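Visitor:
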Amino acid sequence: MKRLIVILLVLLLVFFAGDRIISLGLHRMFYGSEFRFARLYRGGMTNEVIIMGNSRGKAYYTPYMEEKLGVSCFNLAYDAVDTKIAGILFADYLDHNAAPRLLIIEMKCLQGENKAHEGSMKVFIGSSERFSDFLRAKSFKEWVLCKMVHIYRYNSEFFLRAQIMSSRQADQSWVNSALITQAILDDISQGRRIQNPPPPRERYEELAEILRTASEHGVAVRLVLNPYLPQYVAGSTLLPYETYLRDYTGISEHVWDYRLAITDSSLFADGRHINVNGSRVLIDMQIADGFYDPVLPQKKQPLHE
Amino acid sequence: MLFNSSAFFLFFGIFFVLYFLTRGKLRLVVMLVSSYVFYAWWDWRFLSLIIVSTLVDYWVGMHVARTDNQAVRKRLLLLSLAVNLGLLGFFKYFNFFIDSTATFLTLFGMQPNLHTLRIILPVGISFYTFQTLSYTIDIYRRNLEPETLLLRFAVFVAFFPQLVAGPIVRASLFLPQLHQDHRFDPQRFLQGFTLVVWGYFLKVGLADSIALIVDIVYATPQQFTSSALLAGTFFYTFQIYGDFCGYSSIAIGIAHILGFDFGINFFKPYFATTMSEFWRRWHISLSTWLRDYLYIPLGGSRHGKWHTYRNIMITMLLGGLWHGAAMHFVVWGGLHGAFLIIQNQIIKPYGRLLDWLRCPKIIRTALALFIVFAIACLTRIFFRAQSMDDALLIGKKIFLLEDFSLYQIRYKLHVVKGLFLIAFMTFIDILDEKYDFLFRVSEKPWLFVIFISVLLWLIFLFGNFFANAFIYFVF
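Sequence lines, in order, name chains Y and U.
Going letter by letter, the first sequence gives residues 1156 to 1460 in our numbering.
Going letter by letter, the second sequence gives residues 61 to 535 in our numbering.
(1) Does the pairing of the stretch 220-236 of chain U with the stretch 247-257 of chain U give three or more beta-carbon distances under 8 Å?
(2) By the 10 Å Cβ neighbour count, where 16 or more other Cβ atoms means buried, how is Glu1460/Y classified, buried or exposed?
(3) Tell me whether Lys1157/Y sits in a helix, a strand or coil according to DSSP, three-state version.
(4) Does any CB atom of chain Y fall closer than 8 Å to the CB of Ser65/U?
(5) Go ahead and pull the three-state DSSP assignment for Ile1205/Y.
(6) I'd like the ranges of any beta strand (DSSP E) spanning at least 3 consecutive residues and lying wholly in the stretch 74-124 of chain U.
(7) Which residue wins for smallest C-alpha separation from Asp492/U, given the options Glu337/U, His316/U and Phe511/U?
(8) Grouping DSSP H, G and I as helix and E and B as strand, with all else coil, what is Ile488/U?
(9) Note down, one range per segment and in chain order, each alpha helix (DSSP H) of at least 4 residues found wholly within the stretch 1220-1305 of chain Y.
(10) DSSP puts Leu1411/Y in a beta bridge; with which residues?
(11) Can you check which of these residues, Gly1212/Y, Tyr1396/Y, Val1226/Y and Ala1253/Y, is closest to Gly1373/Y by C-alpha distance?
(12) Return no unless some Cβ of chain Y is closer than 8 Å to the Cβ of Trp517/U.
(13) Is any beta-carbon of chain U found at less than 8 Å from that of Leu1166/Y?
(14) Are the C-beta atoms of Lys456/U and some chain Y residue less than 8 Å apart?
(15) For Val1304/Y, return the contacting residues in chain U, with the cut-off set at a CB-CB distance below 7 Å.
(16) Quick one: what's Ile344/U bridged to in DSSP?
(17) What does DSSP give as the partner residues of Ile1429/Y in its beta bridges?
(18) Since Arg1191/Y meets chain U, which of its residues come closer than 8 Å, beta carbon to beta carbon?
(19) Taking the runs of the alpha helix (DSSP H) that are 4 residues or longer, which of them lie wholly in the stretch 160-230 of chain U?
(20) Please determine if the stretch 1408-1425 of chain Y and the stretch 1284-1304 of chain Y are in contact, where contact requires at least 3 C-beta pairs separated by less than 8 Å.
(21) Hey, Val116/U and Ser140/U: beta-carbon distance below 8 Å or not?
(22) Give the straight-line distance between the Cα atoms of Pro221/U and Gly393/U, rounded to the nearest whole angstrom.
(23) Which chain Y residues sit within Cβ distance under 9 Å of Lys477/U?
(24) Determine, using beta carbons only, whether Tyr1216/Y and Val1330/Y come nearer to each other than 8 Å.
(25) Flag Asn1310/Y as yes if its beta-carbon sits less than 8 Å from any beta-carbon of chain U, otherwise no.
(26) Please compile the residues from chain Y whose C-beta is within a distance smaller than 7 Å of the C-beta of Gln403/U.
(27) Measure the alpha-carbon distance for Asp1448/Y versus Phe1279/Y and round it to whole angstroms.
(28) Can you check which of these residues, Leu427/U, Arg444/U, Trp339/U and Gly364/U, is closest to Phe399/U by C-alpha distance?
(29) Would Leu1159/Y pass as an interface residue toward chain U - the criterion being a Cβ-Cβ separation below 8 Å?
(30) According to the Cβ coordinates, are Phe389/U and Gly397/U closer than 8 Å?
(31) Start and end of the alpha helix (DSSP H) containing Met376/U?
(32) My output table needs one value for Met61/U: the three-state DSSP class, helix, strand or coil.
(33) In its own chain, which residues sit with a C-beta less than 7 Å from the C-beta of Ile1442/Y, not counting the 5 before and 5 after it?
(34) Given this structure, state the Cα-to-Cα distance separating Phe327/U from Val264/U, to the nearest angstrom.
(35) Which of the three DSSP states is assigned to Tyr410/U in this structure?
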């Protein structure tokens, strides 16, 4: 019996010692990577434009934007990120990096609440009080587990992503380069349409919070809706986001609506996402429309619009 | 109650203390009450089914043993079969037979107006039904003496580690062990603990973390390319192994800690080199049950080739139906039956062909492993698909090689993670096949400490902690 107790005590000791040592290594691996969120928390960036949103926001191809605009751009969008998480990321970005001149928000991040990413955010609880509080409120058990077993913090999609990104110069070229497949086109032609329930009021309030934070730091904001493949939204009601925002929060902010701006299906990766060529076309279109005027040297404007 | 829920850890902690503090009948009471609490955690109403099954088989067992009148014995056995299979048939197969009858009648131009019922499938009913049936059949065959103490028999039926998803433990194995008062044995604890942690690694670390790669393609297969569907099917082959073998490992490990030996339920099935070997390694407690209580009574291989093939096919079709009341499970069983028959037919000429080609042994083995794995993997399409239509669509897309672009393989990060975990599991399985590693690792304390730590680190780093139910709960 004494032998069993000794073995179990040694097991506990080895497990926790290993946990702390391995998690230190994992910490270095994560924050040493070029993954967008790792760079955010590493800090010290001076970007003039940042982009937030979900996978549709991710479609902004920043190398092309930088080439065209001549300013440093950084894409902070990520698949299925919602306004709550975007708000925390933006506030943390301002804590660790210089405030940008322009914040672009792809409005589709108002849609829904992605529970999977709530779990993935635990990788930041050592770096962000906001995410720590967020996790504690969402899942106290998981928060306690993170505090006890540090390895568990790295049980996150973001950590896996960072390991792939770390071998690259940057993850900023991470834009879908695929061409929409015939199977998807067939599916759409057979009647598959966008699922577009109106976002709840709570999401608009979270968006309003981001707008207030931006305003406090003198950051101009562009609310934007990226293109859909027109056939994919044909016959669907396109939600009046601008009206909802005004009605729910009292904020009147123009929404740049490009939902039907691109018709060529070769510029799409699927019904919801433009591909890298579509991104180039959209950016050119937006430059022509004055979308980037706050950061263009020849048209520098006051920071508050 | 799920093994991978926090409630279970609390439950088991309390049970563990009470179990080793008690002896004799009081311990049996602790075991029975705990097992009923464990089951009632899911739905207390269905405890009544377990109790009915227990009382009927206890009574039948006693009376069958007492009489030498063969006609009475047969009637009593039929009563047990009628009650157990009746409950199973109603709760699991009623709607399936109604639907199948309606479909059959429409083939003859009739428009039957048959109604199905909203029936909840009681968790574990297929497992405890087979367990109690084996008891009465064994007594009828005079292979087993009846249990005279109802309390002990009730524990045999409902003991929580194997109650809801097996292994299906025979009365001849388990009941004699319930007559002993097992004392706490530190070495057994370490051995059982190893099996439990290994089970959690398979379930939480492997199966649940690759489940999303599988779920997304099988939810809407029409949206995915051949490559994505093939990847989903490949990962499902390991998901179901991790899930079910994980459950069995936890159950066997817990029983081992408490002093009971349940035998093994999985023995590295993907290392099989023939289909018959696969079935000797996969869900052993079910395949041996089907062999002993169905295949052999049907005549087994005693009456010539064609009778043997008929018996194989009946056994495998019913084995498929045991898994679920749907045609795609029956087809899955039928395919395995067909491959077993084909194997019987071609194994000798195939061996001669390889001899003639002077094929090295290592290549023969690798080829055999690949063929058996490929069959096990691809027949899973029918096991996992939500309907026959889906299964046929997936099969068609994969076999017609419609589109093998990698673009539509979702969750690529999880694919990489899944491959790593499968490689690790395979490495441990190789060690276990060669050295009985999982059972003997605790003999060397330093190796035990390192191995368990590595498993726990992997579980915490890669596991899915959102308490997914075990796949076999619905069977």
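The C-beta atom is built at its ideal place from N, Cα and C for all residues, glycine as well.
Because the structure is a prediction, the values reported are computed rather than measured.
Guide: Straight from the coordinates:
(1) no
(2) Here residue 1460/Y is taken as the residue at index 305 of the first sequence, counted from 1. Bear in mind that the predicted position of Glu1460/Y carries a pLDDT of just 44, short of 50, making it unreliable; the figure below should be weighed with that in mind. It is exposed - the Cβ of Glu1460/Y has fewer than 16 other Cβ atoms within 10 Å.
(3) Locating residue 1157/Y in the first sequence gives position 2, where the first residue counts as 1. Three-state result, Lys1157/Y: helix.
(4) Reading the second sequence from its first residue, position 5 is the one you call residue 65/U. It does not; no Cβ of chain Y falls within 8 Å.
(5) Taking the first sequence and counting its residues from 1, the one referred to as residue 1205/Y is at position 50. Here Ile1205/Y sits in strand by DSSP.
(6) none
(7) Translated into the one-based positions of the second sequence, residue 492/U becomes position 432. Out of Glu337/U, His316/U and Phe511/U, Phe511/U has the C-alpha closest to the C-alpha of Asp492/U.
(8) On the second sequence, residue 488/U is found 428 positions in, with the first residue counted as 1. Ile488/U: helix per DSSP, three-state reduction.
(9) 1238-1251, 1270-1275, 1284-1293 and 1295-1303
(10) Counting from one through the first sequence, the residue named residue 1411/Y turns up at place 256. The sequence given here places Trp at residue 1411/Y; Leu does not occur at that position. Beta-bridge pairing links Trp1411/Y to Val1379/Y.
(11) As a first step, residue 1373/Y is located in the first sequence; it is residue number 218 there, counting from the start. When only C-alpha atoms are compared, the closest one is Ala1253/Y.
(12) Along the second sequence, one-based indexing puts residue 517/U at 457. Chain Y contact via Cβ: present.
(13) On the first sequence, position 11 is the one that residue 1166/Y refers to. So, interface residue.
(14) Your numbering for residue 456/U matches position 396 in the second sequence. It does not: the Cβ of Lys456/U has no partner Cβ on chain Y nearer than 8 Å.
(15) As a first step, residue 1304/Y must be located in the first sequence, where it is residue number 149. Residues of chain U passing the Cβ test: Phe520.
(16) Residue mapping note: residue 344/U aligns to position 284 of the second sequence, counting from 1. DSSP, once it has assigned bridges, lists no residue as partnering Ile344/U.
(17) As a working mapping, residue 1429/Y is identified with position 274 in the first sequence. Bridge partners of Ile1429/Y: Phe1423/Y.
(18) For the purposes of this step, residue 1191/Y is taken as the residue at position 36 of the first sequence. Simply none; closest approach about 15 Å.
(19) 185-200, 210-218 and 220-223
(20) no
(21) Taking the second sequence and counting its residues from 1, one reaches residue 116/U at position 56. Taking the second sequence and counting its residues from 1, one reaches residue 140/U at position 80. The answer is yes: Cβ separation under 8 Å.
(22) Translated into the one-based positions of the second sequence, residue 221/U becomes position 161. Translated into the one-based positions of the second sequence, residue 393/U becomes position 333. Rounded to the nearest angstrom, the two C-alpha atoms are 27 Å apart.
(23) Within the second sequence, the letter at position 417 stands for residue 477/U. Simply Leu1315.
(24) Within the first sequence, residue 1216/Y is the residue found at index 61, counting from 1. Within the first sequence, residue 1330/Y is the residue found at index 175, counting from 1. Yes, these two residues count as a Cβ contact at 8 Å.
(25) Mapped onto the first sequence, residue 1310/Y falls at position 155. Answer yes: the Cβ-Cβ gap between Asn1310/Y and chain U drops below 8 Å somewhere.
(26) In the second sequence, counting from the first residue as 1, residue 403/U sits at position 343. Simply none; closest approach about 36 Å.
(27) Here residue 1448/Y corresponds to residue number 293 of the first sequence, with the count starting at 1. Here residue 1279/Y corresponds to residue number 124 of the first sequence, with the count starting at 1. Their backbone Cα atoms lie some 34 Å apart in a straight line.
(28) Counted from its first residue, the second sequence places residue 399/U at position 339. For the residues Leu427/U, Arg444/U, Trp339/U and Gly364/U, the minimum Cα distance to Phe399/U belongs to Trp339/U.
(29) Here residue 1159/Y refers to the residue found at position 4 of the first sequence. Yes, Leu1159/Y counts as interfacial toward chain U.
(30) Locating residue 389/U in the second sequence gives position 329, counting from the first residue. Locating residue 397/U in the second sequence gives position 337, counting from the first residue. No, the pair does not count as a contact, with Cβ atoms beyond the cut-off.
(31) In the second sequence, residue 376/U corresponds to position 316, counting from 1. Unbroken alpha helix (DSSP H) run through Met376/U: Lys365 to His383.
(32) Within the second sequence, the letter at position 1 stands for residue 61/U. In this structure, Met61/U counts as coil in the three-state DSSP scheme.
(33) In the first sequence, residue 1442/Y corresponds to position 287, counting from 1. Here the set comprises Lys1223.
(34) One-based indexing of the second sequence puts residue 327/U at position 267. One-based indexing of the second sequence puts residue 264/U at position 204. Cα-Cα distance, rounded: 20 Å.
(35) Within the second sequence, the letter at position 350 stands for residue 410/U. Helix at Tyr410/U.
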